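Trainee: Before I ask anything, here is the structure I am working with.
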Amino acid sequence: MSPGPAAAPPVPAVPPAAMPVPGRPGADAPSGAPAPGRGVWRIGWLPRSLAARTAIFLLLALMLVQAAGLLIHALDRVDLQRF
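In terms of the numbering used here, the sequence shown is residues 3 to 85.
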């Protein structure tokens, strides 16, 4: 008599994306709990390194200051052309 169909492997209760990654901080934390030292909210497009986040922040701040300066300069030129 042949054995029946092979049993399917057990399905984990937690989806793979929510499982902790071995070797990372908080790997022993229960899934769903934030890793120690990290907040609950994480912006996905920001880099993980402090240097890269600082560089992006400084570039965005420089763009904002340059745009404000260009706007002030353009409005001043328009104001001078009226007279």
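For each residue, glycine too, the CB sits at the ideal point set by N, CA and C. Nothing here was measured: the structure is a model prediction, and the numbers come from that model.
1. Between the alpha carbons of Arg55 and Ala70, how many angstroms are there, rounded?
2. Using the Cα positions of Ala53 and Ala10, report the straight-line distance between them to the nearest angstrom.
3. What are the start and end residues of the alpha helix (DSSP H) that includes Leu73?
Mentor: Here's the rundown:
1. 23 Å
2. 47 Å
3. Leu52 to Arg84
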